[in-house]
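A.B. asks: Residue numbers for the sequence shown follow this note's numbering, beginning at 15 and rising by one. Beta carbons are placed, not taken as given, at the ideal position from N, Cα and C, and that holds for glycine. On a predicted model such as this, the values are computed, not experimentally measured, just so you know.
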Amino acid sequence: MTRSSWPLYEVFVRGKRGLNHVHVGSLHAPDDEMALRNARDLYTRRNEGVSIWVVKAEAITASSPDEKDPFFAPSGDKVYRHPTFYAIPEDVPHL
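#1: Would you tell me roughly how many angstroms separate the C-alpha atoms of Glu62 and Asp83, rounded to the nearest one?
#2: Is DSSP giving Ser65 helix, strand or coil here?
#3: Could you check whether the Cβ of Leu33 sits closer than 8 Å to any Cβ belonging to chain D?
#4: Out of His35, Ile66, Arg59, state which residue places its alpha-carbon closest to the alpha-carbon of Ala49.
#5: With a 10 Å radius around its C-beta and 16 neighbouring C-beta atoms as the bar for buried, classify Ala43 as buried or exposed.
#6: Under the assumption that Leu41 contacts Asn52 (Cβ atoms under 8 Å), give the Cβ distance between them as a whole number of angstroms.
#7: Give me the residue from Ser78, His37, His108, Lys92 with the minimum Cα distance to Arg28.
#8: Around the Cβ of Val68, are there at least 16 other Cβ atoms within 10 angstroms (buried) or fewer (exposed)?
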């Protein structure tokens, strides 16, 4: 496999103070293990990450921002999904 044919990976990093992974960039690598190592070296040089995800770009399926209204419209009539009907205890973090 030549360097120009390496697959594209999307990189997500969870910071020390973060609760979720955030997309930080992309890179090319010959395999998953090398993608993870390269992502560590490239995107967490200052020890700011606690977890890294690398995903082949071809494996990601995304909705189109142009179709956001019809795509998300079905959730608008499901009011039970909104926490307005529930009492949330004060000791429950991150809600």
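C.D. replies: According to the data block:
#1: 36 Å
#2: strand
#3: Within the model displayed, chain D is absent; a lone protein chain is all it includes.
#4: Ile66
#5: buried
#6: 5 Å
#7: His37
#8: buried
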